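In our numbering, the protein residues as written are 17 to 195. Just so you know, even glycine gets a beta-carbon here, dropped at the ideal spot from N, CA and C. This structure is a prediction, so every number in the text was calculated from the model and none was measured. A short write-up of the structure that comes next.
What follows is the structure, encoded as structure tokens:
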């Protein structure tokens, strides 16, 4: 795991230290429970705005070129959602990016639950066929390649299932050292 700190908050160094301490163990727990492997993961510790911007950069790098209006709209929606989000996971060309909102993690036990949850998403998104399926969804969301409403609803149902599966992983955080 490659960890980058892009936050000036007091909590950032403490979060970085905790992720270095438990990251590999949390990844093994998630992989054992889901059945897969943890890909190459870049972890970014930032604020809500940085989280939204990092997600958009990674998504557009995979989805391709889109209009400036679509990018601006996505940026505005992303910033709005990221203000109260603990973290976000998306694909990168080399694996996955987990952006963690430093302001939402005053408690390290909450960080443990968030980390194992997001590592679960990295495993889900890098399963066989899942990468291509997610990139196709991104292309549809950015208006690059249109899809039918049925395909969109089907993929959004899969997102809900993955979210529930990752939420179920949060109980495994109790198995992490010093939780």
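Residue i in three-state terms, based on DSSP
{"i": "residue 54", "result": "coil"}
{"i": "residue 142", "result": "coil"}
{"i": "residue 115", "result": "strand"}
{"i": "residue 88", "result": "helix"}
Cα-Cα separation, residue i to residue j
{"i": "residue 184", "j": "residue 21", "result": "28 Å"}
Top-ranked residue by Cα proximity to residue i, from the options
{"i": "residue 192", "options": "125, 146 and 174", "result": "125"}
{"i": "residue 122", "options": "19, 17, 32 and 18", "result": "32"}
{"i": "residue 65", "options": "98, 40 and 81", "result": "98"}
{"i": "residue 87", "options": "171, 154, 50 and 135", "result": "154"}
{"i": "residue 138", "options": "42, 37 and 189", "result": "42"}
{"i": "residue 17", "options": "119, 90, 135 and 48", "result": "135"}
Assigned exposure category for residue i - 16 Cβ within 10 Å defines buried
{"i": "residue 133", "result": "buried"}
{"i": "residue 26", "result": "exposed"}
{"i": "residue 169", "result": "exposed"}
{"i": "residue 110", "result": "exposed"}
Endpoints, beta strand (DSSP E) assigned at residue i
{"i": "residue 185", "result": "First-last for residue 185: 165–185, but that is the alpha helix (DSSP H), not the beta strand (DSSP E)."}
Cβ-heavy atom distance, residue i to the ligand ADP, below 7 Å
{"i": "residue 168", "result": "The ligand ADP is not among the ligands present in this structure, which contains no ligands whatsoever."}
Start and end residues, alpha helix (DSSP H) containing residue i
{"i": "residue 192", "result": "Element bounds for residue 192: n/a, residue is neither H nor E."}
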